[in-house]
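Notes to accompany the following structure.
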Amino acid sequence: MAKNTIENFGRNVSFSPSLRYQVQAESEVLAVLGSHRDMRFRAVGSLHAWSRVAETKAVLIEMQGLNFVEVADDGQSVWVGAGCKVKRLLQKLSRVGLTLPSVGLIDEQSVAGATATGTHGSGSASLSSCIKAVRIAHFDASGNPVLAAIDSGDRLLAARCSLGLLGIVVAIEFHCRGKYNIEEHALAHRTLASAIAMEADCPRSQFYLMPWSWTYFGHHRSESGEPRGAFATLYRVYCFLVIDVGLHVAVTFLARVLKSAWAIRFFFRRVLPFTILRRWKVVDDSHAMLVMEHELFRHIEIEVFVPRSKVQAATDFLVDVVCVFGGRPRQNAATTDALLDSVSLSGTLEQHAGSYVHHYPICYRRVLPDPTLISMTSVSQHADDDEDWYAISFISYQRPGDREGFCAFAGFVAAAVAKCFGGRCHWGKYNPLDAQQNAELYPQLERFQKVRNQFDPERQFSNDWLDEVI
Ligand SMILES: Cc1cc2nc3c(=O)[nH]c(=O)nc-3n(C[C@H](O)[C@H](O)[C@H](O)COP(=O)(O)OP(=O)(O)OC[C@H]3O[C@@H](n4cnc5c(N)ncnc54)[C@H](O)[C@@H]3O)c2cc1C
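Each number in the numbering used here comes from the position in the sequence shown (counting from 1) with 10 added on.
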């Protein structure tokens, strides 16, 4: 047992649990619960969440030691200890010719932490959607710690993305699929419609809106039956040196040292476009192609999710928000004003003029609807009507102490996108939405709460932030 202050990856959340345990077995989790029956509990994996979802003043259970991987004999599924990193799971699966149907941009998260917040990649549903069954430690009606096995019904839909609110997840069974290769190439686009149109042929694409030049760059990706290409290693070296390291050194220097709006705009208009190699088609293993080393430089991120039919209007609006915060003239003033009027926010945007200069490519990823109750892309009750969602992310590399402007920007984006487009905020990223906003955004929240009442009627697996926002 250790006692001290815990800090998340983004250094924007820190907390001091009164008790701290590191566990390696399911029985140890039950023992911790049994020793503190009247207290509150939170589990953590890799502490990558930027929201306050992981914090606790009470008992913290660190899960990284619970990391077994047991592949089923038929190769269709795998049981994994909750604290196992996604990277370790993918490596183990790869050795037997398997992988996961969905992977995010990094693989450093724990499987329970990643699924607890609906972590996703591009062109597929989230990692939560791949869950077949879950084992959760909680208290029974007599107050004794027990393990629940969940594999169907609303209990499974709730457990797939639970924010840790049902209890301590000790093990997860994921559906698996055979390993596959991806072909990738980069292309520039003048319009959003053109970038999106590429998804017909390249469904795993993700693309970026470059601030200040307002052009798009797509990483167009599709599954490929071709073997790993002869230049795949060279391409990996290029991606690591130019994107993972070069881009981030430049952006960090601009945001932390130079802090010049002019230099940031110059970089995005005149420098960055010339570093991107276009039309170089490369085939590589999906794990290598889909995952970046995005954790090398500390940053903070907010990600908003809007339905496909609203992504163009949301983009026009967000471009204006970035422009005004960055002290530049708006591009779509008439429609932005009309939108803000319609949700009683008129005049609020101009108050922030010049307070934050956005300095990172704005990433767009298409996420398919999930069979969950409260993930950001959860299916509605009328699943036939469900659209794909676009996750639009804003990242800042400013120092933790300099993020006031970013937080005001993120707060404005979250509130306005929720009101104007029904947009949701990633639970595991900076998330300033309140309980009323969330209640309106998640139509299946009541169904989730019913399941939660079965598992945790006393709210022992919640925290102060979740009490406020759910
Ligand atoms: C550099 C970086 C890149 C990222 N890229 C992506 C991306 O591409 N796509 C995306 O969607 N997200 C992404 N994220 C967000 C990240 O996937 C989520 O924040 C995720 O929840 C972090 O997982 P973790 O293991 O660090 O969990 P933690 O931050 O430790 O915990 C997150 C939540 O899970 C709960 N939890 C953890 N373990 C358990 C358990 N055993 N039982 C019950 N509850 C548990 C915690 O209590 C907390 O509520 C990224 C984050 C970073 C820092």
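For each residue, glycine too, the CB sits at the ideal point set by N, CA and C.
Counting only runs of 4+ residues, the alpha helix (DSSP H) found wholly inside the stretch 201-247 occupies 202-207, in chain order.
DSSP, read as helix, strand or coil, puts residue 171 in coil. For residue 441, there is no enclosing beta strand (DSSP E), as DSSP marks it with neither H nor E. Relative to the Cα of residue 459, the nearest Cα in the group 382, 257, 428, 80 belongs to 382. Within the same chain, 309, 311, 370 come within 6 angstroms of residue 405 by CB-CB distance, once the 5 residues on both sides are set aside. Inter-residue distance for residue 464 and residue 181 is about 19 angstroms (C-alpha atoms, whole angstroms).
Measuring C-alpha to C-alpha distances from residue 407 to each of 362, 314, 258 identifies 258 as the nearest.
Residue range 87-91 is occupied by the beta strand (DSSP E) that includes residue 91. Taking each of 136, 280, 80, 429 in turn and checking the Cα distance to residue 224, the smallest one comes out for 280.
In this structure residue 64 touches residue 54 by the C-beta definition: roughly 5 angstroms separates them, less than 8 angstroms. Distance between residue 222 and residue 403, taken at the CA atoms: about 16 angstroms. Assigned with DSSP and collapsed to three states, residue 94 falls in coil, not helix or strand.
Around the Cβ of residue 234, a 10 Å sphere holds 16 or more other Cβ atoms; the residue is buried. For residue 142, there is no enclosing alpha helix (DSSP H); the enclosing beta strand (DSSP E) has its first and last residue at 141-149.
Distance between residue 214 and residue 387, taken at the CA atoms: about 17 angstroms. Between residue 344 and the set 336, 144, 335, 356, the nearest pair of CA atoms involves 356.
Residue 369: not part of any alpha helix (DSSP H); DSSP gives it neither H nor E. For residue 38, the enclosing alpha helix (DSSP H) covers residues 36-45. Per DSSP, residue 298 is one residue of the alpha helix (DSSP H) stretching across 296-300.
For residue 186, the secondary structure class from DSSP, reduced to helix, strand or coil, is coil. For residue 416, same chain residues with a beta-carbon under 7 angstroms away, outside a window of 5 residues either side, are 310, 366, 406, 408 in chain order.
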